[in-house]
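Undergrad: Residues are numbered in our numbering as their position in the sequence shown, beginning at 1, plus a constant of 34.
So that we are looking at the same thing, I have put the structure below in structure tokens.
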Amino acid sequence: MMRHCTSVKTYGVVLAGGVGARLGLSVPKQMIKVAGKTILEHTVAVFNASPLIDEVIVMITAGWTEQVATLLGERYPKVSMILEGGATRNETTRRVLEAIEDDDAKLLLHDAVRPLVDERIIETCVHELDRHDAIDTVIPSADTIVVVDDDDIITKIPDRSRLRRGQTPQAFKLAVLRAAYERAIEDPYFHATDDCGVVVRYLPQVPVKCVVGSEHNIKVTHPVDLFIADKLFQLAAVDAPHKTPAQLAEALGGKVVVVLGGSYGIGAEIARLAKAAGAVVVAHGRSTTGLHVQDLGAIEAALADVAAQHGRIDAVVLTAGLLKTGPLAATSPEDINESIAVNYTAAVNVARAAYPHLAATHGHLLLFTSSSYTRGREGYALYSSSKAAVVNLTQALSEEWAADGIKVNVLNPERTDTPMRRAAFGQEDAGTLLSAEQVAEASLDTITSDLTGIVVDVRHPTSASSQA
């Protein structure tokens, strides 16, 4: 008999039962860190943040439930159960079905080692369950697929236009998946590699609707996948959750924010908006307070003074930068040293000086990069390489400081109308540039978020691509 409840709930089930054998690991592959967090944390975070998911269930490799419970802690309030998975994918799904009594529920089953799943895919799966009983997430096949015999001789080349590559989530009305498994367990030869296959085989009258996934929604299975996933996280367009003025005031009210590079431009706008939201703001800059961000001793003294005067530091923002272009061979040693000192060494010094203060408040360090960090370009060798180093520094520190509760992110704004840019490029069409205020707003959204280890993109509303 099928159970019934009065309201329909949507469960996101994170299937984390892999052991990492193909990666050559001694720990489950979902426990490996990528871009500052374990793969499992990335995946759970996506489902926890989705407004369409009511509860999250984590199915984990046997013997790892306590470690996972400690890892996730209280940060993901939608996680309602952490259960041991079975020896096979099918056994794990059966345990999920045993754990949920509500046959009217919607169920999304997702591989934990697909940490780049996005809200669009989740939303599509949930909404399609209003019209269909079973959903598979797929992408077109870019490769020609061949069928071979036992001697590796091609016997057939299917029409590629009809082929799709399966991903997850796979989504079901729970009663349908339960019915498919009830029939499957009666088959002594039952074996399937995914749950849509169970429905196709044992409930052939139930159509399985396909929805479009994403090329970024990769499965981390082989060693190269770790590198690709890390690079995709590095290049991913991530937006900090936007806050209303009232939400910003609640998040920043009474907090102590230090802005380094706050004389003008983006830094000055961050200081102005943070102060308007109720934060205590201390802004330093070379042309206002005489502070040089590449001077470790000066930074340590400045932060110590703020902490002594206000009792705490909740966020440190470094916006200072120096843009000098030209061939490296023609650049003087003095200019080389200054460029590296301001654009990279300063970030290292600020991080070192800020650490004890931010550890005490579980605070936030925000650094800045440039869209040129992804690929060096002629004339930008020092600037681009320094900005790439800042991104790597951010990701490393987010891991080193995670246990201290410190969040470390880096903002990547597109071309922005600032004095530094005007000095380098002259007057440009303001309609094609971000304003300093827009970047400042994204900065405050970031330092009041739970993001860490992330490159936060800030894009012009009409721009499709970024430049230096």
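All C-beta atoms, glycine included, are put in the ideal place defined by N, C-alpha and C.
#1: When you compare only the Cα positions, how much space is there between Ser432 and Val61?
#2: Among Gln201, Ala280, Val254, Lys277, which residue has its Cα nearest to the Cα of Cys244?
#3: In whole angstroms, what is the alpha-carbon distance linking Leu163 and Lys207?
#4: Output the distance between the C-alpha atoms of Glu368 and Ala415, rounded to the nearest integer angstrom.
#5: How far does the alpha helix (DSSP H) with Glu162 in it reach, from first residue to last?
#6: Of all the options Ala385, Pro390, Pro361, Lys67, which has the alpha carbon lying nearest to the alpha carbon of Thr428?
#7: Identify whether Glu135 lies in helix, strand or coil by the three-state DSSP scheme.
#8: Below 8 Å on the Cβ atoms is my contact criterion, and I expect Val47 with Ile91 to pass it. Report the Cβ-Cβ distance as a whole number of Å.
#9: Quick one: which unbroken alpha helix (DSSP H) runs of 4-plus residues sit fully inside the region 318-355? Chain order, please.
#10: How about Val80: is its Cβ closer than 7 Å to a heavy atom in the ligand FAD?
#11: Identify the residues that DSSP records as bridge partners of Val316: which are they?
#12: Between the C-alpha atoms of Tyr236 and Ala209, what's the straight-line distance to the nearest angstrom?
#13: Using the three-state DSSP reduction, which class does Ser114 fall into: helix, strand or coil?
#14: Should Lys63 go down as buried or exposed, given a rule of 16 or more other Cβ atoms within 10 Å for buried?
#15: How about Val376 and Gln328: are their beta carbons less than 8 Å apart?
#16: Alpha carbon to alpha carbon, what distance is there between Tyr378 and Leu401?
#17: In whole angstroms, what separates the C-alpha of Leu143 from that of His318?
#18: Alpha carbons only, please: which of Ala388, Thr486, Val442 is nearest the one belonging to Ala338?
#19: Excluding sequence positions up to five away, which residues of its chain have a Cβ less than 8 Å from the Cβ of Pro111?
#20: Would you check if there are 3 or more beta carbon pairs closer than 8 Å linking the region 480-490 to the region 440-449?
#21: Output needed for His494: all residues of its chain with C-beta closer than 6 Å, excluding positions within five of it in sequence on either side, in chain order.
#22: Does the region 279-299 come close enough to the region 254-266 to have 3 or more Cβ pairs within less than 8 Å?
#23: Under a three-way DSSP split, which group does Asp491 fall into?
#24: Please state the DSSP three-state secondary structure of Gly410.
#25: Run through DSSP, which three-state label would Ser432 get?
#26: From Met35 to Arg165, what does the alpha carbon distance come to, in whole angstroms?
#27: Pull up the CB-CB distance for Tyr215 and Arg128, whole angstroms please, since I reckon it's below 8 Å.
#28: Classify Val254 as helix, strand or coil using the three-state DSSP reduction.
#29: Residues in the same chain with beta-carbon distance under 6 Å from Lys190, minus the five sequence neighbours each way, listed in chain order, please.
#30: Can you pull the DSSP bridge partners for Asp170?
#31: Which value, in whole angstroms, describes the spacing of the CA atoms of Ile300 and Arg194?
#32: First and last residue of the alpha helix (DSSP H) that includes Asp229?
#33: Determine, using beta carbons only, whether Leu286 and Ala308 come nearer to each other than 8 Å.
#34: In terms of alpha-carbon separation, which member of Val233, Gly120, Val151 lies closest to Ala168?
#35: Tell me the rounded alpha-carbon separation between Ser175 and Asn251.
#36: Would you kindly work out how many angstroms separate the C-alpha atoms of Ala349 and Arg196, rounded to a whole number?
TA: To lay it out plainly:
#1: Each residue's alpha carbon lies about 21 Å from the other.
#2: Closest by alpha carbon: Gln201.
#3: So the alpha carbons of these two residues sit roughly 7 Å apart.
#4: About 15 Å.
#5: Its alpha helix (DSSP H) spans residues 153-162.
#6: Checking every option, the nearest Cα to that of Thr428 belongs to Ala385.
#7: Under the three-state reduction of DSSP output, Glu135 falls in the coil class, being neither helix nor strand.
#8: A Cβ-Cβ separation of about 5 Å places Val47 in contact with Ile91 under the 8 Å criterion.
#9: If only uninterrupted alpha helix (DSSP H) runs of at least 4 residues are considered, those enclosed by the region 318-355 are 330-344.
#10: Of ligands this structure carries none, so the ligand FAD is not represented either.
#11: Paired residues: Val292.
#12: Between the alpha carbons of Tyr236 and Ala209 lies a gap of roughly 14 Å.
#13: When DSSP states are grouped into helix, strand and coil, Ser114 belongs to the strand group.
#14: Counting other Cβ atoms within 10 Å of its Cβ, Lys63 reaches 16 or more and is therefore classed as buried.
#15: In contact: Val376 and Gln328 (Cβ atoms closer than 8 Å).
#16: C-alpha separation (whole angstroms): 10 Å.
#17: Between the alpha carbons of Leu143 and His318 lies a gap of roughly 50 Å.
#18: Among Ala388, Thr486, Val442, the Cα nearest to that of Ala338 belongs to Ala388.
#19: Cβ neighbours of Pro111 within its own chain (closer than 8 Å, five residues either side excluded): Asn82.
#20: Taking a cut-off of 8 Å on C-beta distances, the region 480-490 touches the region 440-449, as three or more cross pairs fall below it.
#21: These residues qualify, in order along the chain: Glu448, Leu468.
#22: A contact between stretches requires three or more CB pairs, one per stretch, nearer than 8 Å, and the region 279-299 fails this requirement with the region 254-266.
#23: DSSP places Asp491 in strand when its eight states are reduced to three.
#24: Coil.
#25: In the three-state reduction of the DSSP assignment, Ser432 falls in the helix class.
#26: With a pLDDT of only 36 at Met35, under the threshold of 50, the placement of this residue in the model should not be trusted; the figure read from the coordinates follows. As the crow flies, the alpha-carbon of Met35 is around 23 Å from that of Arg165.
#27: Taking C-beta atoms under 8 Å as the contact rule, Tyr215 and Arg128 qualify, at a distance of about 6 Å.
#28: Coil, per DSSP.
#29: Answer for Lys190: Val181, listed in chain order.
#30: According to DSSP, Asp170 bridges with Gln204, Cys244.
#31: Ile300 and Arg194: Cα-Cα distance of roughly 50 Å.
#32: Run containing Asp229: 229-236, per the alpha helix (DSSP H) assignment.
#33: Leu286 is a Cβ neighbour of Ala308, given a cutoff of 8 Å.
#34: Looking at the Cα atoms, Val233 is the closest of the given residues.
#35: Whole-angstrom Cα-Cα distance: 14 Å.
#36: Taking C-alpha positions only, Ala349 is separated from Arg196 by approximately 53 Å.
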